[in-house]
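A.B. asks: Shown below is the structure under consideration.
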Amino acid sequence: MNKIIISIDGPAGSGKDRIARYVSKKWSFKHLDSGILYRRIANLIYKKKLDPFDKKNIIKLINNIKELSYRKHKNLRLEKISRIASIIAEFKYLRDFVNKQQKKIVKRINKKNGFVIDGRDIGSVVFKNANVKLYIDVDIHIRAKRRHKQLIDMGEKSIYRKILKDIKLRDKKDKTRINSPLVIPKGAFIIDNSSTFHSTQNQIIKIIGKKINVKY
Ligand code: CDP
Numbered sequence: 179m180n181k182i183i184i185s186i187d188g189p190a191g192s193g194k195d196r197i198a199r200y201v202s203k204k205w206s207f208k209h210l211d212s213g214i215l216y217r218r219i220a221n222l223i224y225k226k227k228l229d230p231f232d233k234k235n236i237i238k239l240i241n242n243i244k245e246l247s248y249r250k251h252k253n254l255r256l257e258k259i260s261r262i263a264s265i266i267a268e269f270k271y272l273r274d275f276v277n278k279q280q281k282k283i284v285k286r287i288n289k290k291n292g293f294v295i296d297g298r299d300i301g302s303v304v305f306k307n308a309n310v311k312l313y314i315d316v317d318i319h320i321r322a323k324r325r326h327k328q329l330i331d332m333g334e335k336s337i338y339r340k341i342l343k344d345i346k347l348r349d350k351k352d353k354t355r356i357n358s359p360l361v362i363p364k365g366a367f368i369i370d371n372s373s374t375f376h377s378t379q380n381q382i383i384k385i386i387g388k389k390i391n392v393k394y
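Here the sequence shown is numbered in our numbering, starting from 179 and rising by one per residue.
Here it is, written out as structure tokens:
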């Protein structure tokens with residue numbers, strides 16, 4: 179059976195996760211957050227106190243991983259993990275490994291209508307043939323404010339100016355890296371997630387509702 183794939187790409191803090199969860203629930207798709215896979219490896223690097231720039235040791239670490247869990251955990255969202263994830267995401271060997279893991283997960287799970295997968299390169303590299311491609315756009319200041327609030331709500335210390343700087347840096351890294359930079363995938367629909375979530379839902383229903391004929 180050919181599974182339906184919906185790809186959602188966009189910059190840090192653009193709300194891909196919430197949108198993907200919404201799509202997953204509404205159309206009965208399994209949700210795979212590819213960022214979690216990068217964060218899982220980042221967490222291992224952190225725990226083992228490895229240098230995130232030390233490619234040799236990272237290759238060793240990866241070669242010992244059979245299957246990467248895509249289960250979410252709130253610790254994976256901590257800023258120290260985000261920072262490591264952003265560094266290692268530039269490493270091609272690691273990206274190839276994560277991409278293979280994503281394909282394995284999609285192949286293995288058959289229970290749902292298909293998958294909604296969010297990340298930076300899903301519609302442009304990993305699942306180029308996705309049935310529907312979405313690209314999420316949000317003003318950088320709105321993203322920083324939301325991320326700041328999220329961290330405060332999690333009980334973490336957060337300084338808005340620092341978060342804004344971090345997001346700017348991560349955007350730059352994501353967009354200018356040599357391997358799989360963040361781009362608007364060919365054929366993607368651009369969703370503006372700056373306003374209310376209700377407005378975002380309306381934009382998505384129009385696009386997915388038209389393109390996909392599944393019961394929900
Ligand atoms: O929540 P946020 O958008 O900040 O991050 P995430 O989606 O959880 O991704 C964590 C890190 O992995 C980011 O620094 C991304 O650059 C990287 N990533 C990537 O390079 N490619 C993906 N498909 C997903 C995430």
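Positions of the beta carbon are idealized from the N, C-alpha and C atoms, including for glycine.
Quick caveat: nothing in here was measured; it's all calculated off a predicted structure.
(1) Please work out which residues of its chain come closer than 7 Å, Cβ to Cβ, to Val-310, disregarding the five sequence neighbours upstream and downstream, and give them in chain order.
(2) Leaving aside the five residues before and after Ile-265 along the sequence, list all residues of the same chain whose C-beta is less than 7 Å from its C-beta, in chain order.
(3) I need the straight-line Cα distance from Val-201 to Leu-312, nearest angstrom please.
(4) Please state whether DSSP places Lys-208 in a helix, a strand or coil.
(5) DSSP state of Tyr-394, grouped into three classes?
(6) Any heavy atom of the ligand CDP closer than 8 Å to the beta-carbon of Asp-171?
(7) Touching or not, the region 250-261 and the region 214-223, by the rule of three or more beta carbon pairs under 8 Å?
(8) Which whole-angstrom value is the C-beta distance of Leu-215 and Leu-246, which I expect to be below 8 Å?
(9) Suppose contacts are defined by Cβ-Cβ distances below 9 Å. Is Lys-233 in contact with Phe-269 by that definition?
(10) Taking only three categories from DSSP, how would you classify Gly-292?
(11) What residue from Asp-370, Lys-340, Asp-274 and Arg-339 has the CA that sits closest to Ile-300's CA?
(12) Do Lys-350 and Tyr-338 have their C-beta atoms within less than 9 Å of each other?
(13) Could you tell me which whole alpha helix (DSSP H) segments of length 4 or greater appear in the region 242-302?
C.D. replies: Taking the definition as stated:
(1) In the same chain as Val-310, and ignoring 5 residues on each side of it, the C-beta atoms closer than 7 Å to its own belong to Ile-184, Ile-385, Ile-386, Lys-389 and Ile-390, in chain order.
(2) The answer, listed in chain order, is Pro-230 and Phe-231.
(3) 11 Å
(4) The answer is strand: DSSP assigns Lys-208 an E or B state.
(5) Low per-residue confidence applies at Tyr-394: pLDDT is 43, beneath 50, and the placement is therefore not dependable, though the value from the model is reported in the following sentence. Correct three-state label for Tyr-394: coil.
(6) Beyond the ends of the chain as shown, which are 179 and 394, falls residue 171; an answer cannot be given.
(7) Yes, since at least three Cβ pairs between the region 250-261 and the region 214-223 fall closer than 8 Å, the two stretches touch.
(8) With a Cβ gap of about 5 Å, Leu-215 and Leu-246 count as contacting.
(9) yes
(10) strand
(11) Restricting attention to Asp-370, Lys-340, Asp-274 and Arg-339, the CA atom closest to the CA of Ile-300 is found in Asp-274.
(12) Between Lys-350 and Tyr-338, the C-beta spacing is not below 9 Å.
(13) As far as the region 242-302 is concerned, its whole alpha helix (DSSP H) runs of at least 4 residues are 257-266 and 270-286.
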